[in-house]
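Line by line, the protein sequences give chains A and B.
Basically this note's numbering = 1-based index in the first sequence + 7.
Basically this note's numbering = 1-based index in the second sequence + 58.
Each residue gets a CB set at the ideal place from its N, CA and C atoms; glycine is no exception.
Each remark here refers to the structure printed beneath this line.
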Amino acid sequence: MSWASTIPVTIALCWMLTPEVMVRLGNGVGEGGLFFLALIAGAALVSGLVVIVIRQPGLQTGHGYEPTAVLLRGLGRRPAAILTAGRTSLAVLLPAGLLVSAGYAFNEVFVHWFPNFGFSFILLAGIVLLHLAGERTAQTMQPVFVTTALGCLFLLLPAGLADWRSAATAPETVQTSLTLSTALSPLLLFLGYDGPSSDNRDQRRPALVAIAIGALLFLALGLVALHTVAAARLAESTLPHMLVAREIAGQPGRLLMGGAVIAGVAGAVNGLFLMTGRSLADLAGHGLLPAVAGRPVMMRVYPVLFAGLIGVCLMTGLAGHEILEDLIEAALLLWLAHVAGLCFAVGRIAKKSDRPTTLPPLLASGLGLLVLSFCLLLAFTHDQVLVTICFCGAIPALVLPFSAIWPAKPPEIPQNSGRNSNP
Amino acid sequence: MNKLLVLILTLCSFSFSSALAADVKLMEKEELQGLLGTKDLVVLDVRAGMDWSTSELKIKGAHRADGADFNTWAEKYPKNGKLVLYCA
Numbered sequence: 008m009s010w011a012s013t014i015p016v017t018i019a020l021c022w023m024l025t026p027e028v029m030v031r032l033g034n035g036v037g038e039g040g041l042f043f044l045a046l047i048a049g050a051a052l053v054s055g056l057v058v059i060v061i062r063q064p065g066l067q068t069g070h071g072y073e074p075t076a077v078l079l080r081g082l083g084r085r086p087a088a089i090l091t092a093g094r095t096s097l098a099v100l101l102p103a104g105l106l107v108s109a110g111y112a113f114n115e116v117f118v119h120w121f122p123n124f125g126f127s128f129i130l131l132a133g134i135v136l137l138h139l140a141g142e143r144t145a146q147t148m149q150p151v152f153v154t155t156a157l158g159c160l161f162l163l164l165p166a167g168l169a170d171w172r173s174a175a176t177a178p179e180t181v182q183t184s185l186t187l188s189t190a191l192s193p194l195l196l197f198l199g200y201d202g203p204s205s206d207n208r209d210q211r212r213p214a215l216v217a218i219a220i221g222a223l224l225f226l227a228l229g230l231v232a233l234h235t236v237a238a239a240r241l242a243e244s245t246l247p248h249m250l251v252a253r254e255i256a257g258q259p260g261r262l263l264m265g266g267a268v269i270a271g272v273a274g275a276v277n278g279l280f281l282m283t284g285r286s287l288a289d290l291a292g293h294g295l296l297p298a299v300a301g302r303p304v305m306m307r308v309y310p311v312l313f314a315g316l317i318g319v320c321l322m323t324g325l326a327g328h329e330i331l332e333d334l335i336e337a338a339l340l341l342w343l344a345h346v347a348g349l350c351f352a353v354g355r356i357a358k359k360s361d362r363p364t365t366l367p368p369l370l371a372s373g374l375g376l377l378v379l380s381f382c383l384l385l386a387f388t389h390d391q392v393l394v395t396i397c398f399c400g401a402i403p404a405l406v407l408p409f410s411a412i413w414p415a416k417p418p419e420i421p422q423n424s425g426r427n428s429n430p
Numbered sequence: 059m060n061k062l063l064v065l066i067l068t069l070c071s072f073s074f075s076s077a078l079a080a081d082v083k084l085m086e087k088e089e090l091q092g093l094l095g096t097k098d099l100v101v102l103d104v105r106a107g108m109d110w111s112t113s114e115l116k117i118k119g120a121h122r123a124d125g126a127d128f129n130t131w132a133e134k135y136p137k138n139g140k141l142v143l144y145c146a
């Protein structure tokens, strides 16, 4: 496998290797034990099925795979704009939260005297510099971040599995209750497979490989966590992954997990900037944003804009407010809604098509309904349901007036609209 | 955590007035370490949101409190003890 062919896999993995996912995994395993791991396996299968449906080669345009184009063909202009804008909110909110995690990991695990926020800003600035150097540079660095995070985790796992064989080290298992929101959450852990790609080859394979890697990692980490730390402690901890790393290998374990956290955050921020910048360029390419938003130079401008907004969030102390976690949850649900929208769009495209398709339209629509049901259930079982509803409602409220005044005639897709030929 | 910023309010002379701001002192982590375990000490972790949840290092026995909600914790904890707030 060449370096270039690993790029789409590592972009699809960008969210799966974040500390946020590690926390959800640790808490979930603590609450539900082996049953939660079975739910993870089920979520991996559903996510794989979604990939097979939404990334069919027949849906690719001459520019590769464009989710915006699929939404536009299947659902129309306004739903396409709303769903893409909803996912765009993640590029600001999620990095803000993740950079806080990376800052604390650096300060508490590696260099105690270095201010945590200082490190968060340095990491953010480093990623912006990569994007200023060009989209290709940012893409090339993505496998470096992701393989570093994976390497740290896979170095920890053998030690954990060795401990597991020794019955004497198994902690006392206290059964805790699995809440509905935790039971529904595994589908969120695999997000990242719906991103755009400029590659004209079959785009199902890299996304499926990413899901398979994620599933194997989650199952292995979950099993090791269950056999090294008591379930109740895992369920209650705000950093269960650090707890597990410390139990497995002490200070070296913390160093490895700290490295995985920082590399995972770098990969997530870089990956989200790449995916979101490309989505905005695609929106412009299809006339849903002014043509200027699709110019190649904008692939350098977007990360600067995102970083500016993230910087404002951090400097105004948003990280110290409970609302940031609620907003991230809402943005993740919008990401899941984007996936559901893609499934519905594919269902409608297949239904309208004269040509026989390999996948029945009902399968796509059924998957869309399933994902949307999970999305709604997660929204209504969240502690701060009002924040979630307000945030999710704010996106169409912002997008619809814009789409009403924007000329209905779609402009021609600009040549080389922020895309390049790789990976 | 090296430069642990600690706000200390000596509640021995506690009177609920804004004039107390002049008595707010900073404490180094070494000083707090020496006090940990003493009977009249209450440590309040006033970090919130992800500042709290993403930090691995938490002082054992510290109570979580909203730093801005002065009235609640001023009423809750003994006024003749030493109250230490930490936020980083």
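Integer-rounded CB distance, given that residue 115 of chain A should sit under 8 Å from residue 115 of chain B: 5 Å
Just how far apart, CA to CA, sit residue 250 of chain A and residue 35 of chain A? 14 Å
Status (buried if at least 16 other CB within 10 Å, exposed otherwise) for residue 96 of chain A: buried
Tell me the rounded alpha-carbon separation between residue 241 of chain A and residue 99 of chain B. 29 Å
If residue 188 of chain A and residue 388 of chain A are in contact, beta carbons under 8 Å, what's the gap, nearest whole angstrom? 4 Å
Name, please, each residue of chain A whose Cβ falls closer than 9 Å to the Cβ of residue 105 of chain B. 327
Neighbouring residues, chain B, relative to residue 274 of chain A (Cβ below 9 Å): Going along chain B, no residue has its Cβ under 9 Å from residue 274 of chain A, so there is no contact; the nearest lies around 17 Å.
Would you kindly report the start and end of the unbroken beta strand (DSSP E) that includes residue 18 of chain B? Here chain B comprises residues numbered 59 to 146, so residue 18 of chain B is not present and cannot be evaluated.
Rounded to whole angstroms, what's the CA-CA distance from residue 349 of chain A to residue 77 of chain A? Just pull it up for me. 7 Å
Just to confirm before moving on: does the CB-CB distance between residue 2 of chain A and residue 386 of chain A stay below 7 Å? Only positions 8 to 430 of chain A appear in the structure, and residue 2 of chain A is not among them; the question remains open.
Which of helix, strand or coil DSSP assigns to residue 185 of chain A: coil
Can you tell me whether residue 118 of chain A is helix, strand or coil according to DSSP? coil
Exposure of residue 92 of chain B, with buried meaning 16 or more beta-carbon neighbours within 10 Å: exposed
Residue from A:225, A:357 and A:255 whose Cα sits closest to the Cα of residue 165 of chain A: A:255
In chain B, which residues lie with their C-beta within 8 Å of the C-beta of residue 332 of chain A? 107, 108 and 111
Residue 93 of chain B: contacting residues in chain A (beta-carbon distance under 9 Å): Those within 9 Å of residue 93 of chain B in chain A number zero; the least Cβ separation is about 21 Å.
Mind reading off the beta-carbon distance from residue 271 of chain A to residue 17 of chain A? Whole number of angstroms is fine, and I expect it under 8 Å. Residue 271 of chain A to residue 17 of chain A, Cβ: 11 Å. No contact.
The segment 110-130 of chain B: positions lying closer than 8 Å to chain A by Cβ: 110, 111, 112, 113, 114 and 115
Quick check on residue 103 of chain B: does DSSP put it in helix, strand or coil? strand
Hey, out of A:49, A:52, A:154 and A:308, whose CA is closest to residue 141 of chain A's CA? A:308
Taking only runs of the alpha helix (DSSP H) that begin and end inside the segment 229-305 of chain A, which ones reach a length of at least 4 residues, in chain order? 238-243 and 247-292
Measure from the C-beta of residue 245 of chain A to each C-beta in chain B and report whether the shortest distance is under 7 Å. yes
Cβ-heavy atom distance between residue 128 of chain B and the ligand MG below 6 Å? In terms of ligand content, the structure shown is empty, and the ligand MG therefore cannot be addressed.
State the Cα-Cα distance for the pair residue 159 of chain A and residue 264 of chain A, rounded to the nearest angstrom. 7 Å
Residues of the segment 28-58 of chain A whose Cβ lies closer than 7 Å to any Cβ of chain B, in chain order: none
Cβ of residue 104 of chain A within 7 Å of any chain B Cβ: yes
Just checking, does the segment 45-53 of chain A make contact with the segment 337-349 of chain A on the three C-beta pairs under 8 Å criterion? no
Tell me which residues share the same chain as residue 317 of chain A and place their Cβ nearer than 8 Å to its Cβ, disregarding the 5 neighbours each side in the sequence. 99, 102, 103, 106 and 131
Chain B residues whose Cβ lies nearer than 8 Å to that of residue 96 of chain A: Residues of chain B passing the Cβ test: none, with the nearest at roughly 17 Å.
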